[in-house]
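Asks: Protein chains in written order, with this note's numbering: chain A, 1 to 211; chain B, 212 to 439; chain C, 440 to 691.
Cβ coordinates follow ideal geometry from the N, Cα and C atoms, glycine included.
So that we are looking at the same thing, I have put the structure below in structure tokens.
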Amino acid sequence: MTVAATATPLLEARALSFHRQDEPVFAPLSFQLTAGELALVEGDNGSGKTTLLRILAGLLHVGGGELLWRGQPMQRDSCAGDILFLGHQLGLKADLTPRENLQIAAGLHGRHPAKTFASVLADIGLRGYEDEPIRRLSAGQKKRAALARLLLLPATLWLLDEPYANLDRVGISLVNRLLETHTAEGGAALVTSHGAVSFHGGEPRHIRMQA
Amino acid sequence: MIRPGLARACTAMLRRDLTLAWRRRGDIAMPVLYALIVTMLFPFALGPEDTLLQRIAGGVILVTVLLSMLLALDVLFSSDIEDGSLEQLVLAPQPLALMLGMKILAHWITTALPLIVATPLLAAMLHLPAAVIPVLLLALLLATPLLSLFGAVLVALTAGTRRSGMLLALMLLPLCVPAVIFAAGAVAAAQQGLPWLAPIVWLAAALVLAVALGPLACAAALRIALDA
Amino acid sequence: MSNWIPLWLHKLSSPPTFYRFAGTLLPWMMALALLLGAIGLYGGLVLAPPDYQQGDAYRIIFIHVPSAWMSMFIYGVMGVSAFIALVWRIKLAEVVAMESAPIGAAFTFITLVTGSLWGKPMWGTWWTWDARLTSELVLLFLYLGVIGLYHAFEDRRQGARAAAFLAIIGIINVPIVHYSVTWWNTLHQGSTVDIFGHSKIAWDMLWPLLTVTLATKFYYAASLFRRARTDLLALESGKEWVRQIAQREGKR
């Protein structure tokens with residue numbers, strides 16, 4: 001942890017703000033995230049958690065303040081592909097199978113050379129459903145199919161919006177395990193969640209959102 | 212880690228959209244069916260005189276194809292927006308314009324190409340002389356990608372709105388005027404035995420420009436539409 | 440060298456400054472528009488001699504020609520501010536572009552209506568597929584498209600940016616349409632109707648025309664200012680300066 005603290009933070013927000021119809025969506029926000037760290041974004045409904053993640057992903061324009069990526073002002077070109085975003089909409093085509101969906105994602109983002117589609121899908125708990133169209137899967141299985149991207153695609157920063165939603169107890173511990181491995185390997189993650197998260201890889205940083 | 216090259220990303224994109232279209236191949240037939248019905252109505256409305264039908268055949272087919280394509284345009288991005296695939300595409304470390312170009316190509320293959328294949332049938336229904344059909348096909352081969360590209364930019368602009376097909380028609384039709392004029396001009400010239408190369412070359416030139424600029428404009432429009 | 444122009448523009452582009460600036464100028468612009476309009480129309484409809492070919496029918500040009508010029512001029516203004524709005528994301532530019540569109544559409548509509556009223560006695564038809572007329576019609580559709588797209592969005596600023604993009608596409612489109620219709624006309628008709636065949640115009644007719652044109656410019660400015668002020672109030676309704684204005688108005 002001490003090594004990480006002295007290094008340049010992976011992601012840094014300085015008085016970050018965002019306006020919708022000129023109304024600030026959340027109070028100016030400052031935080032740092034270093035490699036190997038997990039941050040929990042906390043706040044009530046409508047406090048701007050999803051908006052924050054969409055800004056960090058580069059889907060929304062920064063309203064005010066600064067956003068730094070590895071010490072440099074964040075630019076789409078410099079960080080694209082280093083960031084994985086998982087939103088409310090899972091980004092899965094309902095007519096395709098989990099395997100096909102993964103193949104597309106890998107075609108666009110690239111993939112870890114050591115992992116295969118089959119092994120990733122097995123790890124995420126979709127063994128036997130690899131070639132079933134997404135439309136026939138349950139909500140939790142769809143979520144798992146989307147989470148499989150985290151295992152296969154190379155990225156340093158994960159931005160996960162409500163990753164625990166729709167998951168059963170086993171699924172929740174699966175997400176926790178994914179996060180632990182990711183941070184242990186030097187990755188970082190920003191996670192929004194309503195529920196309490198039991199995370200065993202060190203104390204997560206807390207980002208409190210206020211409307 | 213392995214970053215995919217442009218060629219691989221392009222094939223992935225193209226394959227995805229073609230597979231999706233294939234899984235719903237019933238939808239591919241709809242624009243063709245629509246064009247057939249519209250073309251069929253003309254002889255009923257105007258009377259079955261060969262000379263009259265021959266004279267209007269080229270124009271009728273062009274306008275019918277344009278309207279059929281307009282019907283199919285609306286869905287270009289809608290499902291990708293609904294399920295979040297478009298966000299993933301925007302965030303992918305690939306040039307967005309190129310990826311959208313692939314999407315437009317896939318859309319052209321699945322909507323315009325079947326229409327072009329059906330065109331000889333439409334032409335026969337209106338008694339268009341067989342000698343003119345190759346020129347008509349050539350004109351359509353150049354004009355339909357133009358419409359796809361224009362349409363894609365406008366659909367991208369309306370991506371963040373409530374669905375409104377009328378708005379799309381209002382925006383697209385003025386942009387189509389030149390393409391229709393040149394395509395119909397070529398067919399009319401061929402029918403009268405005049406040289407028809409000039410309008411075809413103009414169409415080709417416009418297409419080259421549109422292929423270069425359309426995807427870029429589409430990407431810019433999409434970023435505007437998603438930024439909310 | 441001198442950077443006071445960009446500085447002044449920068450200051451002006453802040454909504455409260457523009458609101459005050461436009462509020463001061465608005466009555467003057469409107470007064471000038473009414474005055475010049477009255478003078479120009481009096482000159483055109485009463486003082487100018489009848490045309491030796493068309494009699495009094497030509498007098499519609501005192502409405503038609505200024506409207507036609509304005510329909511294009513406003514599109515130009517809209518295009519430039521649309522460009523500024525997209526590149527620098529300046530709120531005022533978005534407002535100017537979006538509030539210009541309905542005024543421009545109105546002028547385009549007037550041009551089309553007066554044109555066909557004039558066309559009936561002159562060439563015996565309400566409408567002909569001439570390049571100029573067709574371009575004007577396409578221009579109307581472009582205006583309507585911009586207005587429609589702007590209102591299709593929930594978020595007004597996002598709608599403004601999308602519509603601004605469409606306006607810029609339209610700028611490229613209009614000359615292409617004009618050219619292609621000209622080409623089309625040579626293919627289909629031996630001779631097209633020559634609308635402005637006698638381009639030499641007498642001074643008696645010219646000065647009212649120019650005066651009315653100036654009046655339409657001032658009218659556009661006044662109308663734009665009025666619309667932009669309303670729009671700015673709505674867009675900035677949460678801001679302090681709007682609250683102050685609301686309190687002032689409320690006390691009255």
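Give the C-beta separation of C/Gly543 and C/Met517 to the nearest angstrom, bearing in mind that I take them to be a contact with Cβ-Cβ under 8 Å.
Replies: That belief holds up - the Cβ atoms of C/Gly543 and C/Met517 are roughly 6 Å apart, short of 8 Å.
Asks: Taking Cβ positions, are C/Leu588 and B/Met382 nearer each other than 8 Å?
Replies: Yes, Cβ-Cβ distance for C/Leu588 and B/Met382 is below 8 Å.
Asks: As an exercise, report each continuous alpha helix (DSSP H) stretch of at least 4 residues that is fully enclosed by the region 354–423 of chain B, in chain order.
Replies: The qualifying runs are 376–402.
Asks: Nearest by alpha-carbon distance to A/Val191: which of A/Thr8, A/Gly87, A/Phe26 and A/Glu23 is it?
Replies: Taking only the C-alpha atoms, the option nearest A/Val191 is A/Gly87.
Asks: Short check: CB of A/Trp158 to CB of A/Leu84, under 8 Å?
Replies: Yes; because the gap between Cβ atoms is below 8 Å, this pair is in contact.
Asks: Which residues in chain C have a C-beta closer than 8 Å to the C-beta of A/Glu23? List them in chain order.
Replies: Chain C residues near A/Glu23: Gly677.
Asks: Quick one: using the 10 Å Cβ neighbour count with 16 as the cut-off for buried, is B/Pro410 buried or exposed?
Replies: Under this definition B/Pro410 is a buried residue.
Asks: Rounded to the nearest angstrom, what separates C/Glu533 and C/Leu581 at their Cα positions?
Replies: Taking the straight line joining both Cα atoms gives about 17 Å.
Asks: Which bits of chain A does C/Asp495 rub up against, with CB to CB less than 9 Å?
Replies: Residues of chain A passing the Cβ test: none, with the nearest at roughly 53 Å.
Asks: Among all the DSSP beta bridges, which residues are the ones paired with A/Gln72?
Replies: In DSSP, A/Gln72 forms a bridge with A/Trp69.
Asks: Indicate whether at least one CB of chain B lies closer than 8 Å to the CB of A/Phe85.
Replies: Yes, A/Phe85 lies at the interface with chain B (some Cβ there is under 8 Å from its Cβ).
Asks: Taking 7 Å as the limit between beta carbons, can you name the residues of its chain near B/Ala401, skipping five residues before and five after?
Replies: Taken in chain order, the residues that qualify are Val343, Val346 and Trp407.
Asks: For my contact list, B/Leu332 and B/Pro426 are in at a C-beta cut-off of 8 Å; report their separation, rounded to the angstrom.
Replies: Not a contact, Cβ separation roughly 32 Å.
Asks: Chain C partners of B/Thr369, CB-CB under 8 Å?
Replies: Going along chain C in sequence order, the residues near B/Thr369 (Cβ under 8 Å) are Leu588, Ala591 and Ala601.
Asks: Beta carbon of C/Leu672, beta carbon of C/Val504: below 8 Å?
Replies: No; because the gap between Cβ atoms is not below 8 Å, this pair is not in contact.
Asks: For chain B, check one thing: does any of its Cβ atoms lie closer than 8 Å to the Cβ of A/Glu12?
Replies: Cβ-Cβ to chain B under 8 Å: no for A/Glu12.
Asks: On a Cα-Cα basis, can you pick out the residue from A/Thr8, A/Pro154, A/Arg127 and A/Ile55 that is closest to A/Gln141?
Replies: That would be A/Arg127, whose Cα lies nearest to the Cα of A/Gln141.
Asks: Identify whether C/Ile634 lies in helix, strand or coil by the three-state DSSP scheme.
Replies: Model confidence at C/Ile634 stands at a pLDDT of 49, short of 50, so the residue's coordinates are unreliable; what they give is reported in the following sentence. The answer is coil: DSSP assigns C/Ile634 none of H, G, I, E or B.
Asks: Considering Cα atoms alone, identify which of C/Ala545, C/Leu578, C/Met537 and C/Ala654 is closest to C/Ala602.
Replies: When each option's Cα is compared against that of C/Ala602, the closest is C/Met537.
Asks: Whose Cβ in chain C lies nearer than 7 Å to the Cβ of B/Met382?
Replies: Correct list: Gly584, Leu588 and Leu605.
Asks: Please confirm whether C/Val585 and C/Ala667 have their CB atoms less than 8 Å apart.
Replies: For C/Val585 and C/Ala667, no; Cβs fall outside 8 Å.
Asks: With a CB to CB cut of under 7 Å and the five nearest residues on each side skipped, what residues in its chain are close to A/Ala27?
Replies: Gln210, listed in sequence order.
Asks: Note down the Cα distance separating A/Gln219 from C/Pro541, rounded to an integer number of angstroms.
Replies: Outside the shown range of chain A (1 to 211) lies residue 219 of chain A, about which nothing can therefore be said.
Asks: Excluding the five sequence neighbours on either side, which residues of its own chain have a C-beta within less than 8 Å of the C-beta of B/Leu326, listed in chain order?
Replies: Excluding residues within five positions, the ones whose Cβ falls inside 8 Å are Pro242, Val243, Ala246, Val276, Ser279, Met280, Leu351 and Thr355.
Asks: Quick check on the DSSP output: what are the complete beta strand (DSSP E) runs of length 3 or more inside the region 107–192 of chain A, in order along the chain?
Replies: Segments of the beta strand (DSSP E) lying fully in the region 107–192 of chain A: 157–161 and 188–192.
Asks: If you measure from the beta carbon of C/Ser453 to each beta carbon in chain B, is any gap under 8 Å?
Replies: Not an interface residue.
Asks: How about B/Leu284 and B/Leu379: are their beta carbons less than 8 Å apart?
Replies: Their beta carbons are under 8 Å apart, which means B/Leu284 touches B/Leu379 by this criterion.
Asks: Under the rule that 16 or more other beta-carbon atoms within 10 Å means buried, what is B/Ala240, buried or exposed?
Replies: With fewer than 16 Cβ atoms within 10 Å of its Cβ, B/Ala240 is classed as exposed.
Asks: Can you tell me whether A/Ile83 is helix, strand or coil according to DSSP?
Replies: Three-state result, A/Ile83: strand.
Asks: Of the residues that make up the region 256–267 of chain B, which ones have a beta carbon closer than 9 Å to any beta carbon in chain C?
Replies: Cβ contacts with chain C: none found.
Asks: The beta strand (DSSP E) that contains A/Phe31, what's its start and end?
Replies: Element bounds for A/Phe31: Leu29 to Leu33.
Asks: In angstroms with no decimal places, state the Cα-to-Cα distance between B/Lys314 and B/Met224.
Replies: Cα to Cα, B/Lys314 sits roughly 7 Å from B/Met224.
Asks: What three-state label does DSSP hand A/Val41 in the structure shown?
Replies: Note: A/Val41 maps to strand in three-state DSSP.
Asks: On the DSSP bridge list, what partners appear for C/Asp490?
Replies: DSSP lists C/Gly494 as partners of C/Asp490.
Asks: Taking the alpha carbon of C/Leu583 as the reference point, which residue from B/Leu257, B/Pro215, B/Leu384 and B/Leu263 has its own alpha carbon closest?
Replies: Among B/Leu257, B/Pro215, B/Leu384 and B/Leu263, the Cα nearest to that of C/Leu583 belongs to B/Leu384.
Asks: What does the alpha-carbon distance come out to for the pair B/Leu287 and A/Gly107?
Replies: For B/Leu287 and A/Gly107, the distance between alpha carbons rounds to 21 Å.
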